[in-house]
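Structure first, commentary second.
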Amino acid sequence: MAKAKPGAVDAIGGYTITRRETLERLDGAYLELEHQTTGARHIHIETPDDNNGFAVFFPTPPTDSTGVAHILEHVVLAGSQRFPVRDPFFSMTRRSLATFMNALTGSDWTMYLFSTRNAKDFKNLLDVYLDATFFPKLSEDSFKQEGIRFEFEDPADPNSGLRYKGVVFNEMKGALATPGAAVDRAVGKALFPGLPYAYVSGGDPQDIPNLTWDHLKQ
Numbered sequence: 001m002a003k004a005k006p007g008a009v010d011a012i013g014g015y016t017i018t019r020r021e022t023l024e025r026l027d028g029a030y031l032e033l034e035h036q037t038t039g040a041r042h043i044h045i046e047t048p049d050d051n052n053g054f055a056v057f058f059p060t061p062p063t064d065s066t067g068v069a070h071i072l073e074h075v076v077l078a079g080s081q082r083f084p085v086r087d088p089f090f091s092m093t094r095r096s097l098a099t100f101m102n103a104l105t106g107s108d109w110t111m112y113l114f115s116t117r118n119a120k121d122f123k124n125l126l127d128v129y130l131d132a133t134f135f136p137k138l139s140e141d142s143f144k145q146e147g148i149r150f151e152f153e154d155p156a157d158p159n160s161g162l163r164y165k166g167v168v169f170n171e172m173k174g175a176l177a178t179p180g181a182a183v184d185r186a187v188g189k190a191l192f193p194g195l196p197y198a199y200v201s202g203g204d205p206q207d208i209p210n211l212t213w214d215h216l217k218q
């Protein structure tokens with residue numbers, strides 16, 4: 001990939017263009033930019049497609065299998081400074097014309113992404129996503145809801161036993177219940193001992209209860 005030529009336009013909107021390439025198969029162009037103030041890396045792909053997409057990525061290499069990045073992904077989308085409602089993400093799914101909305105936690109990264117064909121909708125979603133990811137409320141109640149908490153086995157009977165509950169906790173119980181998931185975990189531990197890929201980035205139900213609110217905030 002060729003670097004931007006010195007004689008070309010190399011700055012736009014507070015960004016320095018560091019790389020350019022023509023994408024012939026997409027009838028478009030690839031631009032790689034660096035934010036002049038923060039140093040953040042920005043990749044822009046311009047094509048004639050009217051379905052515009054956006055994603056913001058964060059490096060989140062795990063140091064254990066408590067699922068801190070996965071739970072944080074959920075908690076981040078549970079209210080922000082500009083949008084202090086309980087769940088702006090799912091509120092937008094009912095109001096937006098988005099063709100796709102989601103957030104994903106990978107082996108060493110977390111991404112928040114959306115796409116839409118409507119320009120106004122794109123701006124609205126961009127505002128919600130950026131405020132959520134950079135200025136989240138991070139409430140302890142959301143941590144208990146999305147991560148881990150105790151509940152009575154019978155909510156109507158305070159004398160019944162206690163059990164763990166939580167959106168991510170329940171989600172990962174299902175995700176790790178297959179033979180394939182067991183093989184993936186064993187291979188990761190064998191090939192990458194001590195590295196992020198030896199852990200379950202989404203969270204192991206046996207380890208998720210060890211995650212505390214204070215640890216998540218760090």
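Numbering (my numbering), first residue to last: 1 to 218. Note that CB positions come from ideal geometry on N, CA and C, so glycine has one too. Computed from a predicted structure; not experimentally measured.
What do you get for residue 61, buried or exposed, if any count of 16 or more other CB atoms within 10 angstroms of its CB means buried?
exposed
Is the CB-CB distance between residue 193 and residue 173 below 8 Å?
no
What's the C-alpha gap between residue 24 and residue 44?
15 Å
If you run the structure through DSSP and keep just helix, strand and coil, what is residue 200?
coil
Distance between residue 84 and residue 124 (C-alpha atoms, nearest Å)
15 Å
Determine the burial state of residue 116: buried for a count of at least 16 other Cβ atoms within 10 Å of its Cβ, exposed for fewer.
buried
Measure the Cβ-Cβ separation of residue 167 and residue 151 and say whether it is below 8 Å.
no
Go to residue 151, then tell me how far its beta strand (DSSP E) extends in each direction, as first and last residue.
149-152
May I ask which residues mark the beginning and end of the alpha helix (DSSP H) holding residue 124?
119-134
Using 8 Å as the threshold, is the region 61-79 in touch with the region 25-40, meaning 3 or more CB pairs across them?
no
Measuring alpha carbon to alpha carbon, tell me which residue in 80, 14, 50 is nearest residue 40.
14
Would you mind reading off the limits of the alpha helix (DSSP H) that contains residue 106?
It is not in any alpha helix (DSSP H) - residue 106 carries neither H nor E in the DSSP assignment.
Quick check on residue 3: buried or exposed, where buried means 16 or more other Cβ atoms within 10 Å of its Cβ?
Legend: pLDDT at residue 3 = 49, less than 50; position of this residue unreliable, value from coordinates given subsequently. With fewer than 16 Cβ atoms within 10 Å of its Cβ, residue 3 is classed as exposed.
Would you call the region 99-113 and the region 194-202 in contact, with 3 or more CB pairs under 8 Å?
yes
What does residue 22 pair with, by DSSP beta-bridge criteria?
29
With C-beta atoms as the reference, is residue 91 less than 8 Å away from residue 136?
no
Using only alpha-carbon positions, find the residue among 27, 22, 68, 114 that is nearest to residue 53.
114
For residue 88, does the count of other Cβ atoms within 10 angstroms reach 16, so buried, or fall short, so exposed?
buried
State the beta-bridge partners of residue 174 as determined by DSSP.
DSSP lists no partner for residue 174.
Outcome for residue 67 when other beta-carbon atoms lying within 10 angstroms are tallied against a minimum of 16
buried
Taking just the CA atoms, how far does residue 157 sit from residue 141?
22 Å
Take residue 7 and list the residues in its own chain whose beta-carbon comes closer than 7 Å to its own, dropping the five residues that flank it on each side.
Low per-residue confidence applies at residue 7: pLDDT is 47, beneath 50, and the placement is therefore not dependable, though the value from the model is reported in the following sentence. Closer than 7 Å at the Cβ level, and outside the excluded window around residue 7, lies no residue.
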